[in-house]
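Engineer:
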Amino acid sequence: MDAVLSAKGIAKSYGRGDSAQNIINGFDLEVDQGAFVSLVGPSGCGKTTLLMILSGLLSPDSGQIFFKGKAVKQTPHGLAVVFQDYSRSLLPWKTNIENVLFGMRRVVGLDERQKRDEAERILQAVGLSGFEKHHPWQISGGMQQRVAIARGLASQSELLLLDEPLAAVDAQTRADMQDLLRDLARKFKQTCVLVTHDVDEAVYMADRVLVLGPRPTKVVRDITVDLPKDRDQISTRESPSFLAARHEVLSLIRSMRKQPSPQ
Amino acid sequence: MKRTDVLGLSVPLVALILWQAMALLKHSPLFPGPFEVALAIGSHFREIAGQLGYTLMRAAIGFAIAVASMVPLGIFLGRFHKIGRLLEPVIDMLATLPPPAVVPLVMLFTGTGDAAKIVVIAYAAAVPLLMNTYEASYSVHPMMNRVARSLQLGKFETMLHVDLPASLPMIATGARLALASSLLVSITSEMLLSTNGIGVFLQRSQEYFSIDAGLAGIAFISLTGLIINALMFKLEKRWLYWHYREAA
Amino acid sequence: MKSLLRTFVSVAILLGVWQLVYIVGIVPEKYFPSVLSLLAAFWQMLMSGELAKGELMTFSRAALGLSAASLLGVTLAILADLYPVFGRGFRYISDVLQPIPPAAVVPMAVFSLGLGIKLYAFVIILVTVWPAYMNGVAALSSVSPVQLAAGRSLGCSRLELLRHIKLPAAMPEIFTGIRYAATIALIAVIVSEMLAGRDGLGFMIFKKAFANRTPEVFALMFVVAINGVALNALVNGLRWLVTGWHIRMMERTE
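What follows is the structure, given as structure tokens:
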């Protein structure tokens, strides 16, 4: 199978001279068609910078990103980003359906009517029927993030890059959204790369968990999660293979944790 | 329905009574009381309204020119921030120049009459509009930039669909200041260079010592200001409801 | 230091563009003199002493008027806070008076107040008092209830609450108003000098324009703009003295 997304030898640092901060060094990645990959690492290891580079929003100092075999210079068509900060990533002057339609600006071959139908269908898929004409600020945080996901799907994405999409929603909503995301990934045939700091979430969502090291970060371990496609918040989380994977990731991350020191 | 605030209304009422009492004491046509001004409003109504029309017409044209040119320019300078930064000090400089200080230019360019006044009004309205639009445009949240780029929007599309709407609340603030400036400069320019307009009416009232008529004119200006403000408020609520609802 | 450099650069750019327009010649020279003749006009006014005299008059009027108007505005805001009836009633008056431009007031006030200091004081204060008042009212009424409760639990009286909690908390917003008022104060002074003055920069601009002295008019406009900068610097300095804690706090949280 061909890799949908691959990264080779990515390095990135901010600043210059003595104050230069090495964020990423020697990062490699291969994501296969239809895979669900989690990137998890200790806090402050540069996860968001990494995702910005993978999506083509930030160029690396060295190394290259390939999306479906083509080098990535800017965000390519077929790649959608879902940001953590949904309240800022949605446009407050547009209604929910207008926000989704906004994601379809590069979609060709559909007229306005068909686009609207498609947007309605996707909003229904994320469970937001009846909220088309609401504005993002009129609905809860979890629902806003669903609009953002819908916008990504509407752009005819094949690859979803998810930057801590559930970090800002409450625990109950979070569990529901995790299941919804897995459903959507299958229904819309999406390859997913999820960046998260939550180890349980990383394991529960993914087929593969990549553990990132401290700065300058790179993949320090590649763990295949041995869980069935159909997962359940209660039984999956109690299964031995879930616990084993969780144990492995968690102990690895804990071993990398530094003692806090006053700057 | 709001209950009429009797106690609150007593404050302006007391002020009016005091003013009337002072006028009675002075007993001079140069210090009319509210009663005399009310009478003057009645007798000069048509003239004032007509002259105010000229004033507002020039102010509106100048303002419209400023909006049409400065909003796009501000958005552009915000998006292409390198050019914006280059011009920033110049904008700051111009901003410190009080609008009436440009009015005497009308006198230098007097040959062109209305056109010169409108140019000066447009200049006065341009500064707050440009400043606010530019400021808003370049401080659009970086997240929105990322969203626009992740959706593969071009620069022009981003300016039109992201920068402009996101800047509207601050542009509205600038527009308020710009409207006040245009009216101010419109009136001031008339007073320095008599042709027509409410400024001329005020000037003439002074020359004829009919202060009551002059104050009637001022009352109309104040009323116009109130109406413009209320209108702006309504428009903002209608067009920018998303901003206020979101902030709440 | 940095802001000084910026101002210098800004003047340089402006003069550069100016000279370019002059050289290209899209505007007749009669209306658009060269930078050199601008400088010459400036130098000549400086040497004859008329510039210093006008500058002194204009700046002191603006600064004194702004101070008086701000003090009055804050006093009125405190009154409105202590006596809500006054606050509600005064709102009608402020609504009506606020839109009146200084240019309209001058000719009407001349007969009662003469051409001297009384006229300037009246016009400047009438149009400059509002930002400090409006921001003061808004800020005093939106002081955090927690801070007020803290004060009350420590046994503060109404006046002590005002003195130790409400007023300091409201000061940053009041200063935002005063900064805006500084712009208005300069406008009011220039307009008054133009319409009823016998001295000051506004009068000078007016006189030179009548005499068709284009370079002098433009040079004076520059001087007026610099007055705007100076007035702003004055307010900023005061703001640092009074609400320095707030500025440092905001810098920390940014």
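Protein chains in written order, with my numbering: chain A, 590 to 852; chain B, 59 to 306; chain C, 1291 to 1544. Each residue gets a CB set at the ideal place from its N, CA and C atoms; glycine is no exception. Since we're looking at a predicted model, the values are computed, not measured.
Would you call the CB atoms of A:LYS778 and A:ALA714 closer than 9 Å?
Structural biologist: no
Engineer: Under a CB-based cut-off of 9 Å, is B:ASN190 close to chain C?
Structural biologist: no
Engineer: Could you confirm whether any beta carbon from chain B is found closer than 9 Å to the beta carbon of A:MET641?
Structural biologist: Interface residue, yes.
Engineer: Going by C-alpha to C-alpha distance, which of A:PRO805, A:ILE613, A:LEU628 and A:ASP765 sits closest to A:ARG820?
Structural biologist: The residue with the shortest Cα to Cα distance from A:ARG820 is A:ASP765.
Engineer: Where does C:TYR1453 land, buried or exposed, given buried means 16+ other C-beta within 10 angstroms?
Structural biologist: The sequence shown places Arg at residue 1453 of chain C, rather than the Tyr named in the question. Per the 10 Å Cβ criterion, exposed.
Engineer: Going along the chain, which residues of the stretch 178-204 of chain B sit with their C-beta nearer than 8 Å to a C-beta in chain A?
Structural biologist: HIS199, MET201, MET202 and ARG204
Engineer: Along the stretch 80-100 of chain B, where does the CB come closer than 8 Å to a CB of chain A? Name the residues.
Structural biologist: none
Engineer: Report yes if the C-beta distance between B:ILE279 and B:LEU237 is below 9 Å; otherwise report no.
Structural biologist: no
Engineer: Which partner residues of A:ASN611 appear in the DSSP bridge assignment?
Structural biologist: The partner list for A:ASN611 (beta bridge, DSSP) reads A:SER602.
Engineer: Which parts of the stretch 1489-1523 of chain C are runs of the beta strand (DSSP E), unbroken and 3 residues or longer, counting only runs that do not cross its ends?
Structural biologist: Counting only runs of 3 or more, we get nothing.
Engineer: Tell me, please, which residues DSSP counts as bridged to A:ARG810.
Structural biologist: A:ARG810 pairs with A:VAL800.
Engineer: Is A:GLN852 helix, strand or coil by DSSP?
Structural biologist: Residue placement at A:GLN852 is flagged as unreliable, the pLDDT there being 48, under the threshold of 50; the coordinate-derived value follows with that caveat. Three-state DSSP puts A:GLN852 in coil, outside helix and strand.
Engineer: Mind checking the stretch 1366-1383 of chain C against chain B and listing, in chain order, the residues whose C-beta falls within less than 9 Å of any C-beta there?
Structural biologist: Within the stretch 1366-1383 of chain C, the residues whose Cβ lies closer than 9 Å to some Cβ of chain B are PRO1374, VAL1375, PHE1376, GLY1377, ARG1378, GLY1379, PHE1380, ARG1381, TYR1382 and ILE1383, listed in chain order.
Engineer: At a CB-CB cut-off below 8 Å, which residues of chain B make contact with A:SER744?
Structural biologist: The CB of A:SER744 comes closer than 8 Å to the CB of LEU209 in chain B, given here in chain order.
Engineer: Excluding sequence positions up to five away, which residues of its chain have a Cβ less than 7 Å from the Cβ of C:LEU1462?
Structural biologist: The residue you asked about is not Leu; residue 1462 of chain C is Pro in the sequence shown. Within the same chain, C:PRO1462 has close Cβ partners THR1533 and HIS1536.
Engineer: For A:LYS597, name the three-state secondary structure that DSSP assigns.
Structural biologist: strand
Engineer: Let me know the alpha helix (DSSP H) ranges lying completely inside the stretch 1438-1473 of chain C, each 4 residues or longer, listed in chain order.
Structural biologist: 1448-1451
Engineer: How about B:LEU76: is its C-beta nearer than 9 Å to some C-beta of chain E?
Structural biologist: In the structure shown, chain E cannot be found, because the protein chains are A, B and C.
Engineer: For C:PRO1323, does the count of other Cβ atoms within 10 angstroms reach 16, so buried, or fall short, so exposed?
Structural biologist: Classification of C:PRO1323: buried, given that the 10 Å Cβ count is 16 or more.
Engineer: Using beta-carbon positions only, say whether C:GLY1467 and C:ILE1480 come within less than 9 Å of one another.
Structural biologist: With respect to C:ILE1480, C:GLY1467 sits apart: the two C-beta atoms are not nearer than 9 Å.
Engineer: In whole angstroms, give me the CA-to-CA distance for C:GLU1319 and C:ALA1330.
Structural biologist: 15 Å
Engineer: Based on the DSSP secondary-structure assignment, which residues constitute the bridge partners of A:PHE586?
Structural biologist: The structure shown does not extend to residue 586 of chain A, since chain A is modelled only from 590 through 852, so no value can be given for it.
Engineer: Which residue marks the beginning of the beta strand (DSSP E) containing A:PHE574, and which one marks its end?
Structural biologist: This structure cannot speak to residue 574 of chain A, because chain A is shown only from 590 to 852.
Engineer: In angstroms, rounded to a whole number, what distance separates the CA positions of B:MET128 and A:THR806?
Structural biologist: Annotation: B:MET128 to A:THR806 spans about 46 Å, alpha carbon to alpha carbon.
Engineer: Please name the residue, chosen from B:VAL178, B:LEU88, B:ALA194 and B:GLU294, that lies closest to B:MET42 on a Cα-to-Cα basis.
Structural biologist: Residue 42 of chain B is absent from the model: chain B starts at 59 and stops at 306.
Engineer: On the criterion of 16 or more Cβ atoms from any shown chain inside 10 Å, does C:MET1540 qualify as buried, or is it exposed?
Structural biologist: exposed
Engineer: What number of angstroms, rounded off, separates the C-alpha of A:ASN688 from the C-alpha of C:LYS1408?
Structural biologist: Between A:ASN688 and C:LYS1408, the C-alpha separation is close to 59 Å.
Engineer: In chain order, what residues of the same chain have a beta carbon less than 7 Å from the beta carbon of C:GLY1344, not counting five sequence neighbours either side?
Structural biologist: ASP1489, GLY1490, LEU1491 and MET1494
Engineer: To the nearest angstrom, how far is the alpha carbon of B:MET201 from that of A:GLY731?
Structural biologist: Roughly 18 Å separates the two Cα atoms.
Engineer: So B:GLY275 and B:LEU260 are supposed to be a Cβ contact under 8 Å. How far apart are they, rounded?
Structural biologist: At roughly 5 Å, the Cβ-Cβ gap stays under 8 Å, so B:GLY275 and B:LEU260 are in contact.
Engineer: Counting pairs of beta carbons, one from the stretch 220-234 of chain B and one from the stretch 700-720 of chain A, are three or more of them closer than 8 Å?
Structural biologist: no
Engineer: Tell me whether B:ARG143 is buried or exposed, calling it buried when 16 or more other Cβ atoms sit within 10 Å of its Cβ.
Structural biologist: exposed
Engineer: Starting from the N-terminal side, write out each stretch of the beta strand (DSSP E) that is 3 residues or longer and does not extend beyond the stretch 1352-1383 of chain C.
Structural biologist: none
Engineer: Report yes or no: do three or more beta-carbon pairs, one from the stretch 680-694 of chain A and one from the stretch 719-731 of chain A, lie closer than 8 Å?
Structural biologist: Three or more Cβ pairs drawn from the stretch 680-694 of chain A and the stretch 719-731 of chain A lie within less than 8 Å of each other, which places the two stretches in contact.
Engineer: Could you name each continuous alpha helix (DSSP H) segment of 4 residues or more that falls completely within the stretch 181-232 of chain B, going from the start of the chain to the end?
Structural biologist: 200-208 and 213-216
Engineer: Determine, using beta-carbon pairs with one atom in the stretch 1439-1454 of chain C and one in the stretch 118-125 of chain B, whether at least three such pairs fall under 8 Å.
Structural biologist: no
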